[in-house]
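Engineer: Residues in the first sequence are numbered consecutively from 1285, following my numbering.
Every residue, glycine too, gets a C-beta built ideally from N, C-alpha and C.
Sharing a structure below in structure tokens format, with a few things to ask.
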Amino acid sequence: MDFIREAVDEDLRTGRFDRVHTRFPPEPNGYLHIGHAKAIWIDYGIALDYRGKFNLRFDDTNPAKEGQEYVDAIVEDVRWLGADFGGRLFYASDYFEQMYLWAEDLVRKGKAYVCDLTSEQVSEYRGNVNKPGRESPGRLRSPEENLDLFRRMRAGEFPDGSRTLRAKIDMAHPNMNMRDPVMYRILHTPHHRQGDKWCVYPMYDWAHGLEDSIEGVTHSLCSLEYENHRPLYDWFLDQLGIYHPRQIEFARFNMTYTVMSKRMLLDLVEGRHVKSWDDPRMPTISGMRRRGYTPAAIKDFCRRVGVAKSYNMIDVGMLEHCVREDLNRTSPRYMGVLDPLKVVIENFPEGHEEFMDVVNNPEDPGAGRRRVPFSRELYVERDDFMEEPPKKFFRLAPGREVRLRNAYLVTCTGFEKKDGKIVELKCKVDPATRGGDAPDGRKVKSTLHWVSAKHAVHAEVRLYDRLFTVEDPTGHEGKDFKEFLNPDSLKVVRCMAEPAVAGLKPGDRFQFERLGYFCVDPDTMPGKIVLNRTVELRDTWARIQGKQ
RNA sequence: AGCCCCGUGGUGUAGUGGUUAGCAUAGGAGACUCUGGAUCUCUUGACAGCAGUUCAAAUCUGCUCGGGGCUACCA
């Protein structure tokens, strides 16, 4: 039970509302990111918990920055996340006429006026936190004159920026938002849904409460930065005397090793530091989807992050934990080698091949089995062999016996070196251990993944690492966050995988045993498989190495 | 500086006058294991400070300190 649900409970108990209705109100000027997922799960989750309604509403009041591309992407992301808005998809721009009528209403009541100040003057007249503002000359005009001017603004008689409609509140208010905020600006810019119907557009503070009111929203949930706007939200609704929803603010979250603002994400895209909004390194919903994250993992993450009002920085490790937990249960396993080292099984006949019967997912008996070919020449992972193994290294080394997963126990009998680099391993199998167990019960300390050379499927694998080299790229004064971009955030390698991998389709997720979770990238074409590494498995050995 | 908000283990969060201050994650130790994965067990670690109210304070009050937000014709 978080503080928002407590407030909702209270409102229901006191009769302030007799139902619950929330909304998620994105501006279509960028792609959704993981922070939006949290907002969605608060909004939608509360609607679900209280059997209320949930709207997806585009807050499309600024045609200069918004576009249909973003609308489409956002709808797709919200659907994919699993927030079911049914037919409740709305647009603030559909309410422009009603908003305009209400604005005229305020003008008539003497609560709003047309201001002729330039934007620089408006800013100057506003004063600052220590100094009260000065009143605009427009304040003195009669309602009739203001009404005439406002109608002519709408009619397109004045150039962009020449006038605004402002609320008449208090130029000395300690809350800067109450110092006669601008309600409408003149903008001769076509709107992506309204075309050139309008040349005055409403500002957020004026529009948002009206949108909520029109839709019958009960709880208008938003982030902390709007706390100081609540008095204004309430003021407009009170002046109009219309249905009055309750705004409640919660803290958004930051995550280590990434950035979360639309502006910065746009900067990364436009500066070509990433390939696109859906680059798998991006914290965008589309990027995470492409990387292999699941809606369930993201939802679980949002649940664990919680809802509160304090500044917070979430360890990206938490997100990784959530996706591992989900994928561990649901992903079929395959074997693939990212850095191949050839192995010749000397006592295995040339040209002979066998098929090993393998469980697809040990966590899910229903996932079935498959057959994996085994032959004389194999690939194993290069770092699964050491010529001179340190203590605690349990994998292959000269004379040592290990298990090839689901196949045989093998012993390393020798290796070949060229220019100081190991190029080939020689091993022998114990034929009695077919399947992986020794009849005499002897144990080995390690199990390796492998791929039959002759049957191997080639794929391009994109290995992702954190986008930034520091936990908080925006927290270094005087430095641009892009200075901390990780030059190694993307590494592309070729991998050798077992044949079953050739049958996968874009979007399919799976585990490469011992390596991590991967998914098939949409760049995959006939004859070219492209895989993304979602996240590595927990790696105890890497930790031991790190300590040494 | 004016207004607003927030301070609980490393991180995130629960707690609503009486709790051995809970949970998750991360860290440590061990068990088990055909993934050094998963699973299981144990474990380190927190109420920003100072006063006050009270039999009793993380919880109520005041002050101090610390952090964040606000001064767009963006949202």
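For the stretch 1402-1420 against the stretch 1367-1382, do three or more pairs of beta-carbon atoms, one drawn from each stretch, fall closer than 8 Å, so that the two count as touching?
Structural biologist: Result no; under three Cβ-Cβ pairs closer than 8 Å.
Engineer: Buried or exposed for residue 1472, going by 16 or more other Cβ atoms inside 10 Å?
Structural biologist: Exposed: under 16 other Cβ atoms inside 10 Å.
Engineer: Helix, strand or coil, according to DSSP, for residue 1444 in the structure here?
Structural biologist: It is coil, neither helix nor strand.
Engineer: Check residue 1513 in the structure and name its three-state DSSP category.
Structural biologist: Helix, per DSSP.
Engineer: For residue 1662 and residue 1690, what's the separation of their Cα atoms in angstroms?
Structural biologist: The alpha-carbon atoms of residue 1662 and residue 1690 are separated by roughly 14 Å.
Engineer: Would the stretch 1712-1719 count as touching the stretch 1628-1641 if we require 3 or more Cβ pairs under 8 Å?
Structural biologist: Yes, they touch.
Engineer: In terms of alpha-carbon separation, which member of 1606, 1775 and 1479 lies closest to residue 1352?
Structural biologist: Minimum Cα distance to residue 1352 is reached at 1479.
Engineer: Measure the alpha-carbon distance for residue 1734 versus residue 1665 and round it to whole angstroms.
Structural biologist: Cα to Cα, residue 1734 sits roughly 7 Å from residue 1665.
Engineer: CB-CB under 7 Å to residue 1482, same chain, minus the five flanking residues each way: which ones, in chain order?
Structural biologist: For residue 1482, where only same-chain residues beyond five positions count, the Cβ hits under 7 Å are 1380 and 1475.
Engineer: Residue ranges of each alpha helix (DSSP H) run of no fewer than 4 residues wholly in the stretch 1422-1470, ordered along the chain?
Structural biologist: Within the stretch 1422-1470, the complete alpha helix (DSSP H) runs of at least 4 residues are 1427-1439.
Engineer: Hey, quick one: how far does the alpha helix (DSSP H) through residue 1579 stretch, first residue to last?
Structural biologist: Run containing residue 1579: 1579-1589, per the alpha helix (DSSP H) assignment.
Engineer: Please confirm whether residue 1455 and residue 1447 have their CB atoms less than 7 Å apart.
Structural biologist: Not closer than 7 Å, so no.
Engineer: Taking the Cβ atom as the reference point for each residue, do residue 1567 and residue 1542 lie within a distance shorter than 7 Å?
Structural biologist: Result yes, Cβ atoms of residue 1567 and residue 1542 sit closer than 7 Å.
Engineer: Could you work out which residue in 1333, 1460 and 1537 is closest to residue 1407 when comparing CA atoms only?
Structural biologist: Looking at the Cα atoms, 1460 is the closest of the given residues.
Engineer: How would you write the range of the alpha helix (DSSP H) that residue 1384 sits in, first residue to last?
Structural biologist: Residues 1380-1392.
Engineer: Just to confirm, is the Cβ distance from residue 1497 to residue 1527 under 7 Å?
Structural biologist: Yes, these two residues count as a Cβ contact at 7 Å.
Engineer: To the nearest angstrom, how far is the alpha carbon of residue 1809 from that of residue 1786?
Structural biologist: C-alpha separation (whole angstroms): 11 Å.
Engineer: Compute the beta-carbon to beta-carbon distance between residue 1700 and residue 1813, rounded to the nearest angstrom, for a pair I have assumed lies under 8 Å.
Structural biologist: No, residue 1700 and residue 1813 are not in contact; Cβ-Cβ is about 30 Å, not under 8 Å.
Engineer: Kindly identify the DSSP beta-bridge partner or partners of residue 1663.
Structural biologist: Looking at the DSSP assignment, residue 1663 forms a beta bridge with 1626 and 1735.
Engineer: What residue from 1303, 1695, 1732 and 1551 has the CA that sits closest to residue 1338's CA?
Structural biologist: Considering only alpha carbons, the answer is 1303.
Engineer: Answer with buried or exposed for residue 1520, where buried requires no fewer than 16 other C-beta atoms within 10 angstroms of its C-beta.
Structural biologist: Residue 1520 comes out buried.
Engineer: I'd like the span of the beta strand (DSSP E) that includes residue 1396, first residue to last.
Structural biologist: 1396-1399 is the span of the beta strand (DSSP E), which, as asked, contains residue 1396.
Engineer: Could you check where the alpha helix (DSSP H) with residue 1346 kicks off and where it finishes?
Structural biologist: Premise fails: residue 1346 is in no alpha helix (DSSP H) and is neither H nor E.
Engineer: Who are the near neighbours of residue 1510 in its chain, counting only those whose CB is closer than 6 Å to its CB and skipping five residues on each side?
Structural biologist: The residues are 1533.
Engineer: By DSSP's criteria, residue 1685 is part of a beta bridge. Which residues make up the other side?
Structural biologist: Answer is 1695.
Engineer: Which residue wins for smallest C-alpha separation from residue 1749, given the options 1800, 1789 and 1440?
Structural biologist: When each option's Cα is compared against that of residue 1749, the closest is 1800.
Engineer: Please go through the same chain and pick out, in chain order, the residues whose beta-carbon is closer than 8 Å to the beta-carbon of residue 1615, but skip the five residues on each side of it.
Structural biologist: These residues qualify, in order along the chain: 1645, 1793, 1794, 1795 and 1801.
Engineer: To the nearest angstrom, report how far apart residue 1560 and residue 1552 are at their CA atoms.
Structural biologist: Cα to Cα, residue 1560 sits roughly 8 Å from residue 1552.
Engineer: Exposed or buried, residue 1596, counting other C-beta atoms within 10 Å across all chains shown (16 or more means buried)?
Structural biologist: Exposed: under 16 other Cβ atoms inside 10 Å.
Engineer: Assign residue 1824 to one of three DSSP states: helix, strand, or coil.
Structural biologist: Helix.
Engineer: How about the stretch 1671-1684 and the stretch 1640-1658: do they share at least three Cβ pairs that are nearer than 8 Å?
Structural biologist: The stretch 1671-1684 vs the stretch 1640-1658: no contact.
Engineer: On the CB-based measure, 16 or more other CB atoms within 10 Å of its CB, does residue 1709 come out buried or exposed?
Structural biologist: Label assigned to residue 1709: buried.
Engineer: Counting only the same chain and skipping the five closest in sequence on each side, list residues whose C-beta sits under 6 Å from that of residue 1668.
Structural biologist: Excluding positions up to five away in sequence, the list reads 1679, 1680 and 1732.
Engineer: Quick check on residue 1818: buried or exposed, where buried means 16 or more other Cβ atoms within 10 Å of its Cβ?
Structural biologist: Result: buried.
Engineer: In whole angstroms, what separates the C-alpha of residue 1798 from that of residue 1830?
Structural biologist: If I take the Cα positions, the gap works out to 18 Å.
Engineer: If we call anything under 7 Å between Cβ atoms a contact, is residue 1341 one with residue 1309?
Structural biologist: A contact, by the Cβ cut-off of 7 Å.
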